[in-house]
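Visitor: If you read the protein sequences in the order shown, they are chains D and G. Counted from 1, the first sequence has number 158 at position 159 by numbering that gives the first Met the number 0; the numbering is strictly sequential. Counted from 1, the second sequence has number 274 at position 275 by numbering that gives the first Met the number 0; the numbering is strictly sequential. All residues carry an ideal CB built from backbone N, CA and C; glycine is no exception.
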Amino acid sequence: MGAIFALAIKDLRQLVRDKSSAFFTFVFPLLVAVFFGVIFGGGGGSSKINVVVVNEDGGEAAASFAEDIAGDSSLDVTAAPSRSEGENLVRLGKASACIVIPKGFGAAAGNMFGGGTMKVEGVIDPSRKAEGGLLTGKLNELAFRQMSKTFSDVTKMDKALENAKQSIVASPDVNDSDRMLFSLMFDAIGKVNRTTRQKAQNAAATDGATKEENKSALAGWQPVRVSFQELPAQDNKPRSSFQISFTQGIIWGLMGCVTAFGVSLASERTRGTLMRLTVSPMSRGQILAGKALACFVACLLVQAMLVVFGVLPPFNVRIGQPLLMAVACVASAIGFTGIMMLMAGMSRSEGGGAGMGRALILVLAMIGGGTVPMFFMPPFMQTVSKVSPFSWATTAMEGAIWRGYTIEQMLLPVGVLLGFGAAGFVIGVVSLRWSSDR
Amino acid sequence: MLRLTQLRKSFGALTAVDSLSLEVRRGEVFGLLGPNGAGKSTTIGMAVGLIAPDSGTVELEGVGAPTDAAVRKHLGVAPQSLALYDDLSGEENLKFFGRVYGLASTVLRDRTSAVLEMVGLSPRRKDRVGGYSGGMKRRLNLAVALMHDPPMLLLDEPTAGVDPQSRNNILDLVRQLAGQGRTIIYTTHYMEEASRLCDRVGIIDRGRLLAMGTVSELVASHGGKSVVAVTREGQGEERIETDDPVREIAHVFAAGTVQGVRIDRPDLESVFLSLTGRRLRD
Ligand SMILES: Nc1ncnc2c1ncn2[C@@H]1O[C@H](COP(=O)(O)OP(=O)(O)O)[C@@H](O)[C@H]1O
Ligand SMILES: [Mg+2]
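1) On the three-state DSSP scale, how would you describe Met373(D)?
2) Are Gly369(D) and Ile286(D) close, meaning C-beta to C-beta below 8 angstroms?
3) On a Cα-Cα basis, can you pick out the residue from Ala108(D), Gly319(D), Thr272(D) and Leu30(D) that is closest to Ala61(D)?
4) Could you list which residues in chain D have their beta carbon closer than 9 angstroms to that of Lys72(G), in chain order?
5) Arg90(D) to Asp75(D), Cα distance in whole Å?
6) May I ask you to list, following chain order, the residues of the stretch 258-275 of chain D that have a beta carbon less than 8 angstroms from some beta carbon of chain G?
7) Ordered along the chain, which non-local residues of its own chain (more than five positions away) have a Cβ less than 7 angstroms from that of Ser269(G)?
8) Buried or exposed for Gly174(D), please, with buried defined as at least 16 other CB atoms from any protein chain shown within 10 angstroms of its CB.
9) Buried or exposed, going by whether 16 or more other CB atoms sit within 10 Å of the CB of Asp186(D)?
10) Counting only Cβ-Cβ distances shorter than 9 angstroms, please list the residues of the stretch 3-18 of chain D near chain G, keeping chain order.
11) At a CB-CB cut-off below 7 angstroms, which residues of chain G make contact with Gly1(D)?
12) For Ala159(G), decide whether its Cβ has a neighbour in chain D, counting only Cβ atoms nearer than 8 angstroms.
13) Leaving out the 5 sequence neighbours to the left and right, which residues in its chain are closer than 8 angstroms to Ala15(G) when beta-carbon positions are compared?
14) If we ignore side chains and look at the alpha-carbon of each, how far apart do Ala422(D) and Gly30(G) end up?
15) Report the rounded CA-to-CA distance for Leu267(G) versus Leu279(G), giving the unit in angstroms.
16) Quick check for students: name the residue ranges of the alpha helix (DSSP H) that lie wholly in the stretch 47-97 of chain G, counting only runs of 4 or more.
17) Between which two residues does the alpha helix (DSSP H) containing Ala451(D) stretch?
18) Classify Glu116(G): buried if its beta carbon has 16 or more other beta carbons within 10 angstroms, exposed otherwise.
19) Which residue's Cα is closest to the Cα of Val413(D): Phe379(D), Ala330(D), Pro378(D) and Val386(D)?
20) On the CB-based measure, 16 or more other CB atoms within 10 Å of its CB, does Pro52(G) come out buried or exposed?
21) Whose C-alpha, out of Val316(D), Pro312(D) and Gly356(D), is nearest the C-alpha of Gly255(D)?
22) Val47(G) versus chain D: which residues are under 8 angstroms apart at the beta carbon?
23) Could you pull out every residue in the same chain whose Cβ sits closer than 8 angstroms to the Cβ of Leu417(D), ignoring the five residues on either side in sequence?
24) By the three-class DSSP mapping on this structure, what secondary structure does Asp172(D) have?
25) Taking 7 angstroms as the cut-off, is the beta-carbon of Lys8(G) closer than that to any non-hydrogen atom of ligand 2?
26) In the structure shown, what three-state DSSP assignment does Thr42(G) receive?
27) Do we get a CB-CB distance below 8 angstroms when we pair Ser80(G) with the residues of chain D?
28) Pull up the DSSP beta-bridge partners for Thr228(D), would you.
29) Taking Val226(G) and Asp263(G) to be in contact with their CB atoms under 8 angstroms, please state how far apart those CB atoms are, rounded to whole angstroms.
30) Is it buried or exposed, Ser165(G), if we count other Cβ atoms within 10 angstroms and call 16 or more buried?
31) Under 8 angstroms, Cβ to Cβ, is there at least one residue of chain D near Val143(G)?
32) Should Asn35(G) be counted as a contact of ligand 3 given a C-beta to heavy atom distance under 7 angstroms?
33) How long is the line joining the alpha carbons of Asp10(D) and Asp148(G), rounded to whole angstroms?
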């Protein structure tokens, strides 16, 4: 066992030291993930928050609020006619959040003193939760501006006070004397409102400071209740282009491992070190096991590296089912270790056979989702790509990341990958036995 | 210690080794001397279990055949073609092969240092092998064979293509290893190396072992007579074969003035010439 580990560690060390192998195993896949992600995403790299606004209220206040949102410089706003369409845009990754101005927004705005609360609803991409906080603050600021409009408009204010008076006066919980008192009080406030507003407006005309004073007097109060829901995972639709491109990156990483270790046995043969290993107490099975272990570990490392980079900002790849993703990664690592053994068994020298093997692996990676995402492919190509072990790895990983696969659905791709692993190991051992003299 | 019996190996139509039998005795340095393509490496390959003979047997006395992994632990092999990892340091190469042979922790560390010291590579232990000179690679190639401290060493042309300094270092080391009681098979196509190092020598050509014995035995039985080469004024060189060159020289001087005289004693080269009709190095 110690010898197998020693061989695996030696191979990994060589992989890291060989600049070209290290590049194609660790750096290139990351570049692919970022490059394809940006290309497919088409995002122009603006720092604005993309939001969709759905106005379900349709009243004057709601329209004015929507206009304020649209006019805000930190937001990139598109309007959607319905809540479902807005949510769909979020799901497709076109917007971070969908803001819904629900029915009753205008009524609540008109009845602020009578217990009406302006509400804003919406859904947010769970990977954009950080932006959700920012957005809530922004909406409050805008709603507040909306209120100042109400305050500065004397007739609107009167209407608000009248509404408040009516709701209290009409309430059955209020006794007659209190009702009288409230009625008088609201009338008095109304008078004060009209005269002070008049004065304030005159003053504002000269120094324009009123608005700021109003703001400070109301500091800490939330004018609008914003409630965001996280968008639930949905089958068959990736939420961001990086969810696809990081899967592709992993495919290229797996390919890097297979080619690096596939030729390593051939290279040991031509350098004579394989001869040293065969005259050592190690058996052929142990030598292959050491190679396999190194390849397996390298595959896992590449996958882990891409997953870690992927989930971090700015990529924010959401992995729907982390546990299934781990299963998919381990199964892929086993599957491609098998492919590596197959390739190692076939290629007797560093040139020739190994070159053929490398070309074959490249083609398989390309049709297996490495370049064109599988679900963009025409149905005929999707069928053809099933011959590629890479397509099964893609399916397994996508199933865990955004396809929302059940455990039963995962069984097929994972099973196929494990099958590739087992078959590759057996064929690799047999062909190594045939291709040498002992 | 190591007995090869009626070994035969052919590659296609070419018979690389033919009916070869020999026994290497415990503690001796056995030289396998022959020109390129004689079948030395193929013989070593069969002796260590790397190449399966078409017929014949290999047996390490009291242990078994080297096709058995446990038996291979007793053997240390320095192959003719360098077998090292260029992208690892000298120390990393040694440690890796040490681990392959089951060494670990302090034993591994101590053994690595000792072996590096033996081959004079301690100052360069941390450097990548890719940057070593040919002689340094040769020494490391031999060092790997020593890592697990095997009682028997098989060194296949361990001085091939090295500078004189590394060559002397390697020859000294082989002598030192022999002094420690190790059994050594040493293949070479340099007859000086065979005569300087080896207790017994086997002469191999075209896959066949033609003669075997100590150097003096071989010279006595196959080397022919000594030659006294005499040059006189106005004449070319005269070569006189004799069993007693000293008496022959006395005769030569008695016969007149001599410009120069030289004794050509028979050596392994003459042995090879008389056995095959060809010189060792063409
Ligand atoms: N693997 C092989 N395939 C074909 N011919 C070989 C092989 N190995 C050795 N030979 C041939 O066998 C003969 C003996 O080779 P070898 O044992 O390497 O000789 P030496 O080591 O004495 O130079 C040579 O003619 C060589 O070409
Ligand atoms: Mg040779």
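Guide: Judging by the given coordinates:
1) helix
2) No.
3) Ala108(D)
4) Ser279 and Pro280
5) 17 angstroms
6) Arg270, Gly271, Thr272, Met274 and Arg275
7) Only residues of its own chain outside the window of five on either side were considered, and among them Gly222 and Gly223 have a CB closer than 7 angstroms to the CB of Ser269(G), listed in chain order.
8) A quick correction: the sequence has Asn, not Gly, at residue 174(D). Counting C-beta atoms within 10 angstroms of its own C-beta, Asn174(D) has fewer than 16 neighbours from the protein chains shown and is therefore classed as exposed.
9) The residue in question, Asp186(D), is exposed, as its Cβ has fewer than 16 Cβ neighbours within 10 Å.
10) Phe4, Ala5, Leu6, Ile8, Lys9, Arg12, Gln13, Arg16 and Asp17
11) Arg98, Gly101 and Ala103
12) Using a Cβ-Cβ cut-off of 8 angstroms, Ala159(G) does not count as an interface residue toward chain D, since no Cβ of chain D sits closer than that to its own.
13) Lys8, Ser9, Gly38, Thr41 and Gly206
14) 47 angstroms
15) When rounded, the separation of the alpha-carbon atoms in Leu267(G) and Leu279(G) is 9 angstroms.
16) 68-71
17) This structure does not reach residue 451(D), given that chain D is present from 0 up to 437, and the question cannot be answered.
18) exposed
19) Ala330(D)
20) With a threshold of 16 other beta carbon atoms within 10 Å, Pro52(G) meets it and is buried.
21) The residue from Val316(D), Pro312(D) and Gly356(D) with its alpha-carbon nearest to that of Gly255(D) is Gly356(D).
22) Val278
23) Ala330, Ile333 and Gly334
24) In the structure shown, Asp172(D) sits in coil (DSSP, three-state: anything other than H, G, I, E or B).
25) Taken from the Cβ of Lys8(G), every heavy atom of ligand 2 lies 7 angstroms or farther away.
26) Reduced to three states, the DSSP call for Thr42(G) is helix.
27) Chain D contact via Cβ: present.
28) In the sequence on display, residue 228(D) carries Gln and not Thr. Paired residue(s): Val122(D).
29) 4 angstroms
30) Within 10 angstroms of the beta-carbon of Ser165(G) lie 16 or more other beta-carbons, which makes it buried.
31) yes
32) In the structure on display, ligand 3 does not appear, and the ligands it does have are ligand 1 and ligand 2.
33) 25 angstroms
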